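For the sequence shown, position 2 matches number 1 in numbering that gives the first Met the number 0, and the numbering has no gaps at all.
Don't be surprised by glycine CBs; every beta carbon is placed ideally from N, CA and C.
Since the model is a prediction, treat every value here as computed from it, not as a measurement.
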Amino acid sequence: MKPSELREKTQEELLELENQVRDELFRLRMKHFTGQLQNVAHIRACKRNVARIKTVRRELSLAQG
0 MKPSELREKT QEELLELENQ VRDELFRLRM KHFTGQLQNV AHIRACKRNV ARIKTVRREL
60 SLAQG
């Protein structure tokens with residue numbers, strides 16, 4: 000997920016996307032703890048996506064004043 004793609008979205012869309020990624024991260028963590036997850040790098044990617052989304056949301060809120 001590229002930051003340029005995220006900047007095109009509205010605050011509401013970003014919030015919804017953040018919730019979806021957090022849900023996915025939760026499911027991945029549960030799979031990891033139960034030993035069902037093969038690709039643990041996907042957890043790191045989800046964490047970074049959450050951080051990107053939060054950064055863009057913060058930029059938008061500062062730009063609005």
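Short Cβ contact (8 Å threshold) for residue i with residue j
i     : j     : result
Val55 : Leu13 : yes
Gln10 : Leu61 : no
Assigned secondary structure, residue i (DSSP; H/G/I helix, E/B strand, else coil)
i     : result
Glu7  : coil
Met0  : coil
Gln63 : helix
Leu13 : helix
Val39 : coil
Expected contact under 8 Å - CB spacing of residue i and residue j to nearest Å
i     : j     : result
Leu27 : Leu36 : 6 Å
Leu5  : Arg51 : 6 Å
8 Å Cβ shell around residue i - same chain, five flanking residues per side excluded
i     : result
Glu17 : Val49, Ile52, Lys53 and Arg56
Cys31 : Looking at the sequence itself, residue 31 is His, so the reference to Cys does not match. Same-chain partners within the cutoff: Val39 and Ile42.
Close beta carbons around residue i, own chain, < 7 Å, minus the five adjacent residues each side
i     : result
Cys45 : Val20, Glu23, Leu24 and Leu27
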